[in-house]
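Participant: Pasting a structure below so you can have a look.
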Amino acid sequence: MQPSEPLLPGAGVMTLMTGDDYLDSLRDGRNVYLGGEKIADVTTHRAFRNAARSIASLYDALHGEHRERLTAPDARGQITHRFFKPSYCVDDLLAAQDAIELWSRMTYGFMGRTPDYKAAFMSGLEAGAGYYGEFRQHAVDWHRRFAAKGLYLNHALIDPPFDRSKPIHDMRDVFVHVVAETARGIVVSGVKMLATAGALTHATFVAPVASARLEAGKAEDFALVFFARMDNPGLSLMCRPSYEAAAPSPFDAPLASRFDENDSVVIFDQALIPWEDVLVYRDVERASGFYAASGFANLYNLQSGIRLAVKLELLIGLLSLGTQANGTHAFRAIQAALGELIALRDLLKGLVCAMARDPERTAAGVLIPKLEYASALRVEAPRIWLRAQALLAGALGGAPLVTASSAADLLDPRVRPLIDAYYRGAALAPEQRIKLFKLIWDATRSEFGSRHTVYETHYAGNFDQIRLDALNWATRRGQLADHEAFAQHCMDDYGTQGWLRGPWRSD
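In terms of the numbering used here, the sequence shown opens at residue 2 and continues consecutively.
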């Protein structure tokens, strides 16, 4: 197993990237395709540049006035983001929660896959490195590089919906699998989805999805867990249409124009993955079990729950301002809708606080949120988002449609007098009313906003699967048996002849 080149120029220097460092790191010749074009530089292309700058601002914050809130030394003394290192006490988790929230507020909760998302897996990688057997040192090295530089990873776990009636091992022509083994590493081909923000990251984490059924003796070539560096010549990203590129102006699309995390399909074509980037190789048991072993489900729901609570705070403010502009703010039904939206945010906030304050300890001694809290958030978050959307739609009706076609209309002296006369709000000047409702539209009903509904309701799994996982986890951990025993205990209090025990029995 021969070492390969560092992930980034200067990766051995143990310092977190600045925003400029981050942008420079993306200029590596990666294969990113959009609209019939290979993107030469994602940091300057109109489809990616503002999203890249949004991420760069997160890195700059690590060195700015909030440095103490965002960063701390790990066990080795390396300064890193507080969520990029494992937590060993409740105070560590609370500090990580605060750091996640601070970053989330910088994007108003509308970037779901910021660098701290994949930290949910990476933070415990070194502490739990023993799980990876002969590749243990690879896990240690990757975590140390990740923490030192503050690397930005995406993941691609889902197999494409080509023919899901067939077992994985019968899909060799499509699904990611090993095609050769060399002294330098493994050669893989196939497709994975969906690499959210992949074009803006440093590497893609590739593994079988948690629900994948890998059959021992048949699916070993598919039983892989590895990192694929974005400058790998055998890796290509096929991007969906860009909402950022389609945004006419910040005034018209204030969210899409800067927070579009372009989703992409990852294609491996005889891609060489160096041995040092491999965690699991042709091991069905480890490839199937690493989710539970890693604590990823426990931790990513902490990050996602915090971010969604921040996102709901923006919607609460928009609903309140929008109904004031409509002159309906004092209506009983409107106030009830606003109160319910506030309660949904507080429910999320309560769950993430419980996740930080009442954690469980892994075999490696790391504190992570209890799985039952993480599972509850995973089940409820999609419903919360859908309900929030329904509340805004019901309270605002068609008001977000009543705007000028673009900022250009406001600058046109032929139509500006008409806009000033007929587009004003109850207590809001026409330009401010249009500005408000364009933001509401972008957050909820534009193509960008609609994509966020798809994201919030599906990124953790389909509706049935997340509920089945809740049941399976409760069964495996003995919680369901405890609940059944509690119900049986109640029935044991009485019988056909009356009370059998307790204060109700009279002999």
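Yeah, the Cβ is synthetic: ideal placement off N, Cα and C, and Gly gets one too.
Small disclaimer: the values here were computed from a predicted structure and weren't measured.
The ligand GTP heavy atoms versus the CB of A364: any closer than 7 Å?
Facilitator: Of ligands this structure carries none, so the ligand GTP is not represented either.
Participant: Under a Cβ-count criterion, where at least 16 other Cβ atoms within 10 Å of its own Cβ denotes burial, should R562 be classed as buried or exposed?
Facilitator: Residue numbering for the chain in the displayed model covers 2 to 508; residue 562 lies beyond these limits and cannot be assessed.
Participant: Taking the straight line between their C-alpha atoms, what separation do you get for L342 and R283?
Facilitator: If you number the sequence shown from 1, residue 342 lands on position 341. If you number the sequence shown from 1, residue 283 lands on position 282. Distance between the alpha carbons of L342 and R283: 48 Å.
Participant: Of the choices L309, L300 and L412, whose alpha-carbon is the least far from that of L95?
Facilitator: Residue mapping note: residue 95 aligns to position 94 of the sequence shown, counting from 1. Ranking L309, L300 and L412 by Cα distance to L95 puts L300 first.
Participant: Output the boundary residues of the beta strand (DSSP E) element that contains F227.
Facilitator: As a position in the sequence shown, residue 227 is number 226, starting the count at 1. For F227, the enclosing beta strand (DSSP E) begins and ends at L225 to R230.
Participant: Which word fits W500, buried or exposed, when buried means at least 16 other C-beta atoms lie within 10 angstroms of its C-beta?
Facilitator: Along the sequence shown, read from residue 1 onward, the residue named residue 500 stands at position 499. Burial check for W500: the Cβ neighbour count within 10 Å stays below 16, so the residue is exposed.
Participant: For G1, does the count of other Cβ atoms within 10 angstroms reach 16, so buried, or fall short, so exposed?
Facilitator: Given that the chain is displayed from residue 2 to residue 508, the structure contains no residue 1 and the question cannot be resolved.
Participant: Evaluate G36 with the Cβ neighbour count: other Cβ atoms within 10 Å of its Cβ, from every protein chain shown; 16 or more gives buried, anything less gives exposed.
Facilitator: Residue mapping note: residue 36 aligns to position 35 of the sequence shown, counting from 1. With fewer than 16 other Cβ atoms from the protein chains shown falling within 10 Å of its own Cβ, G36 counts as exposed.
Participant: Assign Y512 to buried or exposed, taking buried as 16 or more other Cβ atoms, counted over all protein chains shown, within 10 Å of its Cβ.
Facilitator: Outside the shown range of the chain (2 to 508) lies residue 512, about which nothing can therefore be said.
Participant: DSSP on I187, reduced to helix/strand/coil?
Facilitator: For the purposes of this step, residue 187 is taken as residue 186 along the sequence shown, with counting starting at 1. I187: strand per DSSP, three-state reduction.
Participant: Just verifying my parser: in three-state terms, what is the DSSP assignment at L280?
Facilitator: Residue 280 sits at position 279 when you count from the first residue of the sequence shown. Strand at L280.
Participant: With DSSP run on the structure shown, which of helix, strand or coil describes Q489?
Facilitator: Counting from 1 along the sequence shown, the entry for residue 489 is found at position 488. Helix at Q489.
Participant: Taking all protein chains shown into account, decide if G398 is buried (16 or more other Cβ within 10 angstroms of its Cβ) or exposed.
Facilitator: Counted from its first residue, the sequence shown places residue 398 at position 397. Under this definition G398 is an exposed residue.
Participant: Distance check for L158 and A217, CA to CA, integer angstroms please.
Facilitator: Along the sequence shown, read from residue 1 onward, the residue named residue 217 stands at position 216. Along the sequence shown, read from residue 1 onward, the residue named residue 158 stands at position 157. One C-alpha to the other measures close to 19 Å.
Participant: Work out the CA separation of R502 and Y495 for me, nearest whole Å.
Facilitator: The residue you call residue 495 lines up with position 494 of the sequence shown. The residue you call residue 502 lines up with position 501 of the sequence shown. If I take the Cα positions, the gap works out to 7 Å.
Participant: With distances taken from CA atoms, which of S258, R68 and H64 is nearest E448?
Facilitator: Translated into the one-based positions of the sequence shown, residue 448 becomes position 447. Residue S258 is the option with its Cα nearest to E448.
Participant: Using a threshold of 8 Å, state whether the C-beta atoms of L236 and A246 are closer than that.
Facilitator: Start at 1 with the first residue of the sequence shown, and residue 236 comes out as number 235. Start at 1 with the first residue of the sequence shown, and residue 246 comes out as number 245. No, the pair does not count as a contact, with Cβ atoms beyond the cut-off.
Participant: Roughly how many angstroms separate the alpha carbons of G134 and A48, rounded to a whole number?
Facilitator: Here residue 134 is taken as the residue at index 133 of the sequence shown, counted from 1. Here residue 48 is taken as the residue at index 47 of the sequence shown, counted from 1. Computed Cα separation, rounded: 42 Å.
Participant: Tell me, which residues are paired with V285 by DSSP?
Facilitator: Here residue 285 corresponds to residue number 284 of the sequence shown, with the count starting at 1. BP columns for V285 are empty, so no partner.
Participant: Taking the alpha-carbon positions, what's the R287 to Q489 distance?
Facilitator: Position 286 of the sequence shown, counted from the first residue, corresponds to residue 287. Position 488 of the sequence shown, counted from the first residue, corresponds to residue 489. Approximately 38 Å, taken between the alpha carbons.
Participant: Any contact of the stretch 19-32 with the stretch 55-62, i.e. 3+ C-beta pairs under 8 Å?
Facilitator: yes
Participant: Tell me, please, which residues DSSP counts as bridged to I274.
Facilitator: Start at 1 with the first residue of the sequence shown, and residue 274 comes out as number 273. Answer is I187.
Participant: Once you ignore the five residues that flank I187 on each side, which residues in its own chain have a CB closer than 8 Å to its CB?
Facilitator: In the sequence shown, residue 187 corresponds to position 186, counting from 1. V179, A181, L225, F227, L273, I274, W276, V279 and Y282, listed in sequence order.
Participant: Note the first and the last residue of the continuous beta strand (DSSP E) segment covering I80.
Facilitator: Position 79 of the sequence shown, counted from the start, is the residue given in the question as residue 80. Taken as a continuous stretch (DSSP letters only), the beta strand (DSSP E) holding I80 covers I80 to H82.
Participant: From what residue to what residue does the beta strand (DSSP E) around C240 run?
Facilitator: Position 239 of the sequence shown, counting from 1, holds the residue named residue 240. Residues L236 to C240.
Participant: Would you identify the three-state DSSP class for H156, choosing helix, strand or coil?
Facilitator: Within the sequence shown, the letter at position 155 stands for residue 156. When DSSP states are grouped into helix, strand and coil, H156 belongs to the strand group.
Participant: Can you tell me whether P74 is buried or exposed? The criterion is at least 16 other CB atoms within 10 Å of its CB, across all chains shown.
Facilitator: Position 73 of the sequence shown, counting from 1, holds the residue named residue 74. P74 comes out exposed.
Participant: How should F464 be labelled, buried or exposed, when 16 other C-beta atoms within 10 angstroms of its C-beta is the threshold for buried?
Facilitator: Stepping through the sequence shown from its first residue, residue 464 is reached at position 463. Exposed, by the Cβ-count rule.
Participant: Ignore the nearest five residues each way along the sequence and tell me which others in A140's own chain have a CB closer than 7 Å to its CB.
Facilitator: Looking up residue 140 in the sequence shown gives position 139. Closer than 7 Å at the Cβ level, and outside the excluded window around A140, lie L126, E127, A130, Y133 and L280.
Participant: Compute the distance between the beta-carbons of F84 and Q304, then report whether it is under 8 Å.
Facilitator: As a position in the sequence shown, residue 84 is number 83, starting the count at 1. As a position in the sequence shown, residue 304 is number 303, starting the count at 1. Against a cut-off of 8 Å, the Cβ pair of Q304 and F84 comes out as a contact.
Participant: Got a sec, what are the start and stop residues for the beta strand (DSSP E) R362 sits in?
Facilitator: If you number the sequence shown from 1, residue 362 lands on position 361. P360 to R362 is the span of the beta strand (DSSP E), which, as asked, contains R362.
Participant: Alpha carbon to alpha carbon, how far is G65 from T115?
Facilitator: The sequence position of residue 65 within the sequence shown is 64, counting from 1. The sequence position of residue 115 within the sequence shown is 114, counting from 1. Each residue's alpha carbon lies about 18 Å from the other.
Participant: In the DSSP output, which residue or residues are listed as bridge partners for K371?
Facilitator: Sequence index remark: in the sequence shown, residue 371 carries index 370 (1-based). Answer is none; K371 lacks a bridge partner.
Participant: Over what stretch of residues does the beta strand (DSSP E) that includes V180 continue unbroken?
Facilitator: The count along the sequence shown starts at 1 and reaches residue 180 at position 179. Counting along the chain, the beta strand (DSSP E) containing V180 begins and ends at H178 to E182.
Participant: Assuming H144 contacts M172 (C-beta within less than 8 Å), just tell me the rounded distance between them.
Facilitator: Taking the sequence shown and counting its residues from 1, the one referred to as residue 144 is at position 143. Taking the sequence shown and counting its residues from 1, the one referred to as residue 172 is at position 171. Between M172 and H144 the Cβ distance is about 32 Å, and since that is not below 8 Å, they are no contact.
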